[in-house]
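In my numbering, the protein residues as written are -11 to 353.
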């Protein structure tokens, strides 16, 4: 009888432990099932498919996400016009037509004027400074707050560095030469050009060459030597001007549909975040490496005339920039809030870079 009781006790404890282990395994099994769930995302862009630099960024992002998630989050990239036109990326992602997009924030100034600041401000911060402001200076939180009403989550998605002023069919010798000039230029730079009597035109990258070649526009900015050479813009205009006063550290974006993002498990959300951050740096590295070689090809192989905008033109553009920023701030409280934050960081970082980066550049002359 005693043996029976001892056997019964051992059996009961064993059964209880078995039940307990089974119960504790249940959430792990559920989590495992969630972890094995797969997701299909469409990524729409404002760029031609596989275009160097700008178009490579989304492709790199998709490859990283697909590999890091072991195929659980499969991202397929669509170039401008394949699902939606380049200027409709924002709406496509907000409406859920695509789960993620890649573009430039300044294209959405009609929806949120302050979005332009996150691409960059004329005579503003460079790429290094923009990344510092966004990721360690509070800029990204302001960007997320701005996009929240649209159901979108922004991430910095690449930087071209300081761009070129653009391609011109005639020389720019004075402010008078700006008057009546039809130029493709987006964002705050367009408002500044208008202030000096120019006529800003909105065009996607794929429309630039034909528009410049046919005379539909007199000038265009695009990016810099690496991309400009790829588009063959040197065949449509004689004069190439530096520097890109209007885009001093052009930041691009990944915009993610908030509902689609929240539907992902936590590890896939982190993969999206990390891949975007990696592409943001990778794109800047690529432009830094490729631009000079492309410029040498333009100068030495294609005999492009490289010129600098005259000092009086630069000063007029700077004065007009100050006016535009003041007016935009007065008209839109969100713009004022974000620009003041941006400006404070720029002033602080400029103090440091004035005694480091600027002195370095001067010493290398």
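For each residue, glycine too, the CB sits at the ideal point set by N, CA and C.
Fair warning: this is a prediction, and the values are worked out from it, not measured in the lab.
Separation of residue j from residue i, as counted between CA atoms
i	j	result
residue 150	residue 107	12 Å
residue 355	residue 302	Coverage of the chain is limited to positions -11 through 353, which leaves residue 355 absent and any answer about it impossible.
residue 200	residue 268	30 Å
residue 291	residue 216	14 Å
residue 130	residue 326	7 Å
residue 243	residue 152	26 Å
residue 62	residue 254	16 Å
residue 279	residue 214	5 Å
residue 240	residue 162	32 Å
residue 55	residue 178	40 Å
residue 318	residue 101	12 Å
residue 176	residue 222	25 Å
residue 250	residue 257	8 Å
residue 314	residue 211	26 Å
residue 134	residue 322	8 Å
residue 124	residue 93	20 Å
residue 252	residue 344	43 Å
residue 331	residue 146	21 Å
residue 305	residue 184	8 Å
residue 353	residue 190	37 Å
residue 143	residue 264	7 Å
residue 168	residue 110	21 Å
residue 312	residue 95	17 Å
residue 126	residue 289	45 Å
residue 341	residue 202	43 Å
residue 351	residue 141	42 Å
residue 347	residue 273	23 Å
residue 247	residue 259	16 Å
residue 262	residue 300	44 Å
residue 97	residue 105	10 Å
residue 275	residue 120	19 Å
residue 316	residue 324	7 Å
residue 336	residue 160	34 Å
residue 33	residue 329	29 Å
Whole-Å CB distance - residue i paired with residue j, under 8 Å assumed
i	j	result
residue 47	residue 65	6 Å
residue 197	residue 232	About 19 Å; that fails the 8 Å criterion.
residue 206	residue 156	7 Å
residue 188	residue 173	5 Å
residue 193	residue 36	6 Å
residue 26	residue 59	7 Å
residue 171	residue 208	6 Å
residue 52	residue 266	6 Å
Nearest neighbour of residue i, chosen from the options [CA to CA]
i	options	result
residue 50	71, 89, 69	89
residue 71	59, 256, 84, 53	84
residue 114	190, 343, 235	235
residue 229	295, 202, 195, 283	295
residue 158	145, 333, 183, 224	224
residue 374	297, 350, 352	Look at the range of the chain in this structure, -11 to 353, and you will see that residue 374 is not part of it.
residue 122	334, 342, 347	334
residue 116	271, 308, 136, 190	271
residue 309	112, 274, 79	112
residue 245	78, 293, 311	78
residue 320	299, 126, 99	99
residue 43	30, 24, 68	68
residue 367	41, 40, 45	The structure shown does not extend to residue 367, since the chain is modelled only from -11 through 353, so no value can be given for it.
residue 307	148, 181, 40, 34	181
residue 57	40, 284, 97, 24	24
residue 283	154, 204, 266, 237	154
residue 87	238, 28, 276, 132	28
residue 81	104, 204, 39, 136	136
residue 40	316, 277, 293, 324	277
residue 226	286, 34, 120	286
residue 237	204, 118, 316	118
residue 38	204, 218, 195	218
Beta-bridge pairing of residue i - partner residues as DSSP gives them
i	result
residue 33	90
residue 142	243
residue 295	229
residue 63	29
residue 147	239
residue 172	189, 208
residue 154	229
Fill in: Secondary structure, alpha helix (DSSP H): runs of 4+ residues fully inside the stretch 185 to 253
Whole alpha helix (DSSP H) segments, 4+ residues: 196 to 202, 213 to 219, 246 to 250.
Worksheet entry | Whole runs of the alpha helix (DSSP H) within the stretch 268 to 352, excluding any shorter than 4 residues | 299 to 319, 321 to 343, 345 to 351
Practice prompt. Output the residue ranges of the alpha helix (DSSP H) runs that lie fully inside the stretch 93 to 118 and measure 4 residues or longer, sorted by chain position.
Written response: 103 to 107
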